[in-house]
Amino acid sequence: MTGSTTTPQTTAHALTEREREALAAVPGELFIAGRWLPAAGGARFPVLDPATGEVLCEVADADRDDALDALTAAHEAQPAWQATPPRERSEILRRAYQLLVDRTDELALLMTMEMGKPLAEAAAEIAYAAEFFRWFAEEAVRIDGGYTTAPDGASRFLVLHQPVGPCVLVTPWNFPMAMGTRKIGPAIAAGCTMVLKPAEQTPLCALALTDILAQAGLPDGVLNVVTTSRPGEVVEPMLRDGRARKLSFTGSTQVGRLLLAQAADKVLRTSMELGGNAPFLVFDDADLDAAVEGAMAAKMRNIGEACTAANRFLVQRGVADEFARRLAERMAALKMGRGTEPDVVVGPLIDAAGRDKVTELVADAVAGGANVLTGGTALDGPGTFYPATVLTGVPAGARIGREEIFGPVAAISAFDTEDEAIAAANDTEYGLVSYVYTRDLARSLRVAERLDAGMIGLNKGVVSNPAAPFGGVKQSGLGREGGRVGIDEFLETKYVAIPAP
Ligand code: NAP
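Numbering (the UniProt record's numbering), first residue to last: 1 to 501.
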């Protein structure tokens, strides 16, 4: 079998009127202290359409001075914001939730244009992103405390939770709306001000989101946004400044490590959502239909450009060939193209570097003896397309088993025993999510307990949910986003000692 996906148009695309309108609606400036401003140095950088390589528009390119101005605004806004009644903070989030939902179509189009994912997935991300605002609107009014008696009865402990203070938020391009709301939501709920630095490839979603929050009534200075092509120059001074009290980062482990070191200087609170290398285990006793369905979701959500993407398929030998055959059949049928075209599932990868990395990983696996069941060759052209691909017989030690693929490639290897599968699954410095398919209850629980991961998809190919604690162990990160604990990342615990009355 070889790839049968349609060849997409990878060159010029005349923007439609709706696309032009969606772009025109985004303020392409920095947002500091409630005002849309050009970068102090007047610089701008282009935003590209990954399906064509064409420039969609330009946005302000912040430098160090802009970043420090944004931090000043956040710092000055902090006292009044933390004194704002929780119900008011909650209502702002609830209004922003509704605006996101009401504008789903326009925002999804914007996301598809700058990031590449198909429109249906972009709309699903807007819904997912909005849910973080609804969830944290509900949490804002439930920040609790305590009053307890010391063990010796001689004193009382009053425990309260207060906002951490001004936060620096750094987000990636792959979920450009949801990775913003997953941080901004709990920060607003907790009473923190913030400076957001979105990814260079996807500033438009962040700017549109900022506009929505301003319309929802967020006071000036609470959220400040600095778009930039010089992330190091902008983020480091804020982390080393002393007025920021927290860093919340989502991105690669490599950049995360660097920022952790910078944050150590002023001992900042940190929340780090980093890379993954998710194993997807299929046992002989699995429901194979469900496993293939789950594999499609775990692999193809976001064109494979997700930290939660199944990176290594480990399939028990008795079902390995059948699983691979069925998966390849499904993958080969997926339509590739610009995400605005009907029925497209495989949009472009984010950029040429992303496409080249996938090409290298596949070439390395094939050189080591892997077989290509479908796909396997990148498309030429300024549009950065790579087809849905299935590899079998991926050798132990191949780069594709150690590094994040971040593309639509399913790499399958066979195993014999449960112990062997768990050892292989855990043989990585990452520990974000693992997927397990089995119908044996005892095995489900045994394997879930033994896997080194912050999240387990048990007979389920998608784990993300705003009401659940998202995060990883090992080098996949620190802390959790979403769920009941998501707001804790933005709160400090204070204890007041009182003599017994
Ligand atoms: P990335 O290269 O680490 O970039 C993430 C963010 O950090 C971007 O805003 C980037 O800005 C910024 N950045 C890069 N270098 C920096 C520096 N020296 N100083 C300060 N900021 C810097 O990651 P990405 O390619 O955007 O996203 C993909 C990665 O994110 C994958 O590893 C994926 O697994 C991970 N991810 C994790 C989760 C999770 O929840 N665990 C969720 C989504 C994605 P520029 O855009 O300007 O480079």
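We treat Cβ as the ideally placed atom computed from N, Cα and C, and that holds for glycine.
Shown here, residue 36 sits in a strand according to DSSP, grouped into three states.
Listed in chain order, the non-local C-beta contacts of residue 274 below 6 Å within the same chain comprise 253, 256, 476 and 477, local neighbours out to five positions each way being set aside. Exclusion of the five residues before and after residue 378 leaves 355, 359 and 386 as the residues of its chain whose Cβ lies within less than 6 Å of its Cβ. Three or more beta-carbon pairs drawn from the region 277-296 and the region 318-328 are found closer than 8 Å, and the two stretches are therefore classed as touching. Shown here, residue 394 sits in coil according to DSSP, grouped into three states, outside any helix or strand. By the neighbour-count definition (other C-beta atoms within 10 Å, threshold 16), residue 65 is an exposed residue. Look at residue 405 here: in three-state DSSP terms it is coil, with no helix or strand label. Residue burial is scored here from C-beta neighbours: residue 78 has at least 16 other C-beta atoms within 10 angstroms and is therefore classed as buried. Short of 6 Å from the beta carbon of residue 455, and not among the five residues preceding or following it, lie these beta carbons of its own chain, in chain order: 433 and 463.
Approximately 6 Å separates the beta-carbon atoms of residue 177 and residue 126; this is inside 8 Å, confirming the contact.
With respect to residue 467, residue 81 sits apart: the two C-beta atoms are not nearer than 7 Å. Counted as a single uninterrupted DSSP element, the beta strand (DSSP E) harbouring residue 146 occupies residues 146-149.
A distance criterion of 6 Å places the beta-carbon of residue 428 beyond contact range of the ligand NAP, judged by its closest non-hydrogen atom.
In the three-state DSSP reduction, residue 437 falls in the strand class (E or B). In this structure, DSSP gives residue 192 a state outside helix and strand, which the three-state scheme calls coil. Of the other Cβ atoms in all chains shown, fewer than 16 fall within 10 Å of the Cβ of residue 267; this residue is therefore exposed.
Restricting attention to 112, 38 and 146, the CA atom closest to the CA of residue 48 is found in 112. When secondary structure is reduced to three states using DSSP, residue 366 falls in the helix class. In the three-state reduction of the DSSP assignment, residue 94 falls in the helix class, which pools H, G and I. Taking C-alpha positions only, residue 36 is separated from residue 484 by approximately 34 Å. Of 219, 348, 389 and 342, the smallest CA-CA separation from residue 363 is found for 389. The beta carbon of residue 173 sits closer than 6 Å to at least one heavy atom of the ligand NAP.
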